[in-house]
Amino acid sequence: MIKNIIVIGSGKGGVGKSTVTVNLAISLAKKNLNIGLLDADIYGPSIPKMLGIKEKPGVTENKKIIPYLKYGIKSISIGNMIPDNGAVIWRGAMASSAIKQLFNDVDWGDLDYLLVDLPPGTGDIQLSLCQSFTLKGAVIVSTPQEISLIDVRKSINMFKKVNVPILGIVQNMSFFESGGRKNYIFGKDGVASEAKKQNLNLLGEIPILTKISESGDTGKPLTFDQKSEVFKIFEKIGEKTVDASNKVKIKNVDISS
Ligand SMILES: Nc1ncnc2c1ncn2[C@@H]1O[C@H](COP(=O)(O)OP(=O)(O)O)[C@@H](O)[C@H]1O
Ligand SMILES: [Mg+2]
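All residue numbers for the sequence shown refer to our numbering, where the first residue is 1 and numbers rise by one.
If you want it as structure tokens, here you go:
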């Protein structure tokens, strides 16, 4: 049974949604929670790359897809549904139904949390997913830049419209530190002040770190090392996310696999 589904959304692409999803998932798993990760970003599925997974998933005798088990989390990607090198142009309904299949046709087993890396934006696919499942809540990722926040506001409105509780918002790429000085490349505290204005939790902030982008490319998430500073950042984000989700009073979803 999947106890809680949390979607990770952003207004824009490229703001670190997948990076946050992967590292949040692993840091939660380090707390002895059973964690699944579903990469539903049809426009740019990147979770297998970030987890260093190349092989195809297996299938059980009763034709369920076996999720990968790596870095302590179960995962599957919409990218697994696309033939190698075969560009698939998803139409809305097609994409939604392919994603829904990944909820039901994957042998997730018992999960405390299934984290879903949503496609960026607020189109039909996001709406249809929010309406098809009982979601525990949404985590929103943004950079402090106004251009990113404009789209975040649209996301917030979408989640409100479909009654998905917003657990909080993560400020990614907060600053770049060099020579002991913090450089606010995308502006200072844009997400923090937006969170205040909209009365949302600020779940945490993540600096720009070369090792974060490198780890994404090499498929070795930094949070797997509990001694790393990145683990400590995500440990706090995870605690706040769990706290916020515990305060949401909805019936648990029941997708048995
Ligand atoms: N805090 C960070 N520091 C350095 N690089 C980052 C950080 N967050 C994300 N990145 C890099 O930025 C790029 C976009 O991140 P990604 O997670 O793929 O964004 P999204 O899923 O929102 O499109 C990736 O190359 C990723 O490694
Ligand atoms: Mg992504």
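Glycine residues also receive a C-beta, built at the ideal position from the N, C-alpha and C atoms.
- Bridge pairing for residue 93: absent [DSSP].
- Residue 5 sits in a strand when the DSSP states are folded into three classes.
- Scanning the stretch 109-186 from its first residue to its last, the whole alpha helix (DSSP H) runs of 4-plus residues come out as 124-132, 146-161.
- Under the Cβ criterion (8 Å, minimum of three pairs), the stretch 146-162 counts as touching the stretch 118-130.
- Proximity of the beta carbon of residue 141 to ligand 1 is indicated: a heavy atom of the ligand is located closer than 8 Å.
- The C-alpha of residue 195 is placed about 16 Å away from the C-alpha of residue 137.
- Checking the DSSP bridge columns, you'll see residue 68 partnered with 75.
- Per the DSSP secondary-structure output, residue 59 pairs in a beta bridge with 65.
- Taking 9 Å as the cut-off, the beta carbon of residue 140 is found no closer than this to the beta carbon of residue 116.
- The beta carbon of residue 34 sits closer than 7 Å to those of 110, 111, 112, all from its chain and outside the five residues before and after it, given in chain order.
- Note on residue 94: under 16 other CB atoms within 10 angstroms of its CB, so exposed under the neighbour-count rule.
- Taking the Cα positions, residue 89 is about 32 Å away from residue 168.
- Looking at the backbone, the Cα of residue 39 and that of residue 46 are separated by about 8 Å.
- The residue among 76, 92, 127 with its C-alpha nearest the C-alpha of residue 103 is 76.
- Judged by their CB atoms, residue 74 and residue 36 are nearer to each other than the 9 Å cut-off.
- Boundaries of the beta strand (DSSP E) around residue 203: 202-206.
- Straight through space, the alpha carbons of residue 59 and residue 232 are spaced by roughly 36 Å.
- Non-local beta-carbon contacts of residue 244 in its own chain, meaning distances under 6 Å to residues more than five positions away in sequence, involve 167, 168, 201 in chain order.
- In this structure, residue 215 has its CB at a distance of at least 8 Å from all heavy atoms of ligand 2.
- Looking at 242, 234, 240, the one whose alpha-carbon comes closest to that of residue 27 is 234.
- For ligand 2, the residues with a Cβ under 7 Å from any of its heavy atoms are, in chain order, 13, 17, 18, 41, 44, 46, 117.
- Residue 57 sits away from residue 23, with the two beta carbons spaced by 9 Å or more.
- Going by beta carbons, residue 173 and residue 207 fall inside the 9 Å limit.
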